[in-house]
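Heads up, the thing below is written out as structure tokens.
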Ligand code: ADP
Ligand code: MG
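In this note's numbering, the protein residues as written are -13 to 687.
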């Protein structure tokens, strides 16, 4: 097909005037013929198949049946009456029901005459019934020619009101298919199509709109989803290849003294196999001469910090500086004290820079950074400030990267003339193939193994009415010498209310656990940094047994002696947040517990979240459920990767097709990285179209 035809403004299509065109543009973003063609039905009425009454199932969708009405009656109900017909075929009996328009129906229906009926069935009192069926006499039915499966297009109130009904949509689509004469550009190479038994483009398009039968519909959808995902993957992979070719990185060729000395003499524990593998992957990247841009995924407690630290040693060994940025001061402090311990005896100069670093200290840090005396800088967003200039930053590590935006990452890049190697770490795992699609320009490492000896965290759900039992449990644990977190939600929109909840909670805890037997810390975002540090410190040193806090303690905080995590109003937290919070316990040798407190009023999503937390501790499993509940829209990176604008595929539901598409895109690029081969001509063309389109949009926005 002439690709220009697809660019034709929708106004030109027969049946669509300027008014309708305007609504199509505004309501569903259909500007061109091409847009319309890629606007797919979300379901189909299958009128290819006839059911017998005995074949009906309780969850069947719309069905079509041939039979007769043998009896009609009116039944009284609370409001008004309903009309009920006994409908039979040779296999059984069911009911047809009308709640409105009795009179007309009564007068027009013929008893004991064969009808084709169509509609949704429900099951009630041991009998199937169909409310307000579409009905047609078999005699009439035979006279009319019809397409097999009828597409139902997604609609909006505005569309319906302006007369763009499903019928209009179908007509326009037919018109468009006729005008284009089924002559579409085929963007998939022939060998690939043959290998995967994919329908040709034209046939797929036609059957996605007007399927001849279920089987062809499935094939058409598969083919179109594959194509869509294939080109997304191709773009991501090309981008990554390009980055590796174009963006030179500092080659860290040596594994020097610091790394070797630390590895041989100072490792505080044996690394897990997963940690070793990831360190190897990072070493390879750093030595390759290309810039590293790697995402390290590892569940809470999987030991990402030591991996970060050893990567830092590689940078220092090669004469470069490094920095480690964390999203909160608490976490930055903690990294600083942990790493300060590790570098003892290694002769490394480490400093901490946060919002509360004193001006005089800042000045010293700035100087030492610029003249190279300072090897490693740990801190918060403060690292991004203009004044912070390195002599030769070789490696930038970002912890808990989901807390930072892309723009912030980019600012770190600009700290040098050559961008430093970048390692971003996250404890919010998402399924691997998905991660590849979302963070297409990152390579990915996964720590999929916890350090040995970790016990599962026992997780339970308790209603507020059981609070006394929970308090008793807390008392017991504290008696054994353990510490306890009690976390309250703090959601921005209702900050004031939440703050009050927190303070009320704190007061009741203080009453329940009085001094001097119990000491209680409190931590929330409105406190001054010095006060926060003080409270955190007391808890870390074991001077307080209970930490009442908001989610400020969500990320990274590490107090191994804390073994109980109580989450108040747990129904208000998202899954990944619950999982993160739970990860604050289970860090020591003791059995740990997580108690999810809620009221009795729970939505079904809340129930699913709670059940998931109780039944599994596996971050990846939790991430999958989260994804199903929330859809991919909330995940970071979805905007850039374009997965939200998918026309037909769904990255969550179609993840197997996604994998397949990725595999074939990879294979194709391996064989022909510049798309120069004759058989890939179509790919090159389709790809260039995509890139062109994108850059236009970039330009506009
Ligand atoms: P996270 O991946 O959540 O950042 P951390 O790096 O904070 O996890 O590690 C969690 C805890 O596990 C720390 O106390 C750390 O010292 C310990 N740890 C990490 N790796 C190992 C290991 N291989 N063996 C034993 N303990 C480990
Ligand atoms: Mg961490």
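All C-beta atoms in this analysis are idealised placements derived from N, C-alpha and C, irrespective of residue type, glycine included.
Let me know the secondary structure DSSP gives residue 271 once reduced to three states. helix
Tell me which same chain residues have a C-beta within less than 6 Å of the C-beta of residue 464, skipping the five on either side of it? Answer for residue 464: 531, listed in chain order.
Beta-carbon within less than 6 Å of residue 187's beta-carbon, same chain only, minus the 5 sequence neighbours each way: which residues are those? 170 and 172
Along the chain, where does the alpha helix (DSSP H) that runs through residue 293 open and close? 290 to 303
Cβ of residue 26 within 8 Å of Cβ of residue 633? yes
Residue nearest to residue 564 in terms of C-alpha spacing, selected from 447, 639, 672 and 103: 447
List the residues that DSSP assigns as beta-bridge partners of residue 533. Partner(s): 471 and 507.
Residue from 567, 261 and 229 whose Cα sits closest to the Cα of residue 276: 229
Quick one, are the C-beta atoms of residue 546 and residue 574 less than 8 Å apart? Against a cut-off of 8 Å, the Cβ pair of residue 574 and residue 546 comes out as a contact.
Restricting to runs no shorter than 3 residues, where is the beta strand (DSSP E) found entirely within the stretch 81 to 137? 101 to 106, 108 to 110, 113 to 117 and 120 to 123
Local conformation of residue 53 per DSSP, three classes: strand
Does the beta carbon of residue 291 fall short of 7 Å from some heavy atom of ligand 2? At least one heavy atom of ligand 2 falls within 7 Å of the beta-carbon of residue 291.
Among 77, 53 and 525, whose alpha-carbon lies nearest the alpha-carbon of residue 98? 53
Identify whether residue 30 lies in helix, strand or coil by the three-state DSSP scheme. strand
Hey, would you say the C-beta of residue 385 is under 7 Å away from at least one heavy atom of ligand 2? The beta carbon of residue 385 sits closer than 7 Å to at least one heavy atom of ligand 2.
Would residue 535 pass as a contact of residue 509 if the rule is Cβ separation under 8 Å? yes
Taking only the alpha-carbon atoms, compute the straight-line gap between residue 688 and residue 283 and give it to the nearest angstrom. Residue 688 is absent from the model: the chain starts at -13 and stops at 687.
Specify, as a first and last residue, the run of the alpha helix (DSSP H) that residue 565 falls within. 561 to 568
Determine the extent of the alpha helix (DSSP H) in which residue 520 is found, giving its start and end residues. 515 to 526
Limits of the alpha helix (DSSP H) - the one that residue 226 falls within: Looking at the DSSP string, the run of the alpha helix (DSSP H) that includes residue 226 is 200 to 232.
In the DSSP assignment, the beta strand (DSSP E) including residue 440 goes from what residue to what residue? No beta strand (DSSP E) holds residue 440; DSSP gives it neither H nor E.
Could you round the C-beta distance between residue 321 and residue 291 to whole angstroms and report it? I think they count as a contact, below 8 Å. 7 Å
Any heavy atom of ligand 1 within a distance shorter than 7 Å of the CB on residue 437? Within the chosen limit of 7 Å, ligand 1 reaches the beta carbon of residue 437 through at least one heavy atom.
Tell me whether residue 319 counts as near ligand 1, meaning its Cβ is closer than 7 Å to at least one heavy atom of that ligand. no
On the DSSP letters alone, give me the boundaries of the beta strand (DSSP E) that residue 380 sits inside. 379 to 384
Would you kindly work out how many angstroms separate the C-alpha atoms of residue 377 and residue 362, rounded to a whole number? 12 Å
One or two residues paired with residue 447 in a DSSP bridge: Residue 447 pairs with 582.
Which residues in the same chain have their Cβ closer than 8 Å to the Cβ of residue 354, if we skip the five residues on either side of it in sequence? 335, 337 and 360
Kindly give me the distance between the Cβ atoms of residue 445 and residue 580, rounded to whole angstroms, as I take these residues to be in contact under 8 Å. That belief holds up - the Cβ atoms of residue 445 and residue 580 are roughly 4 Å apart, short of 8 Å.
Is the beta carbon of residue 437 closer than 8 Å to that of residue 255? Cβ atoms of residue 255 and residue 437: closer than 8 Å.
Taking the Cβ atom as the reference point for each residue, do residue 543 and residue 218 lie within a distance shorter than 8 Å? No, the pair does not count as a contact, with Cβ atoms beyond the cut-off.
Any idea if residue 142 is buried or exposed, counting beta-carbon neighbours within 10 angstroms, 16 or more meaning buried? exposed
Closest to residue 15 by C-alpha separation, out of 467, 245, 674 and 145, would be which residue? 145
Identify the continuous alpha helix (DSSP H) that holds residue 152 and give its terminal residues. From DSSP, the alpha helix (DSSP H) with residue 152 extends over 152 to 166.
Given this structure, state the Cα-to-Cα distance separating residue 1 from residue 8, to the nearest angstrom. 13 Å
Which listed residue (41, 51, 85 and 200) has its alpha carbon closest to that of residue 61: For the residues 41, 51, 85 and 200, the minimum Cα distance to residue 61 belongs to 85.
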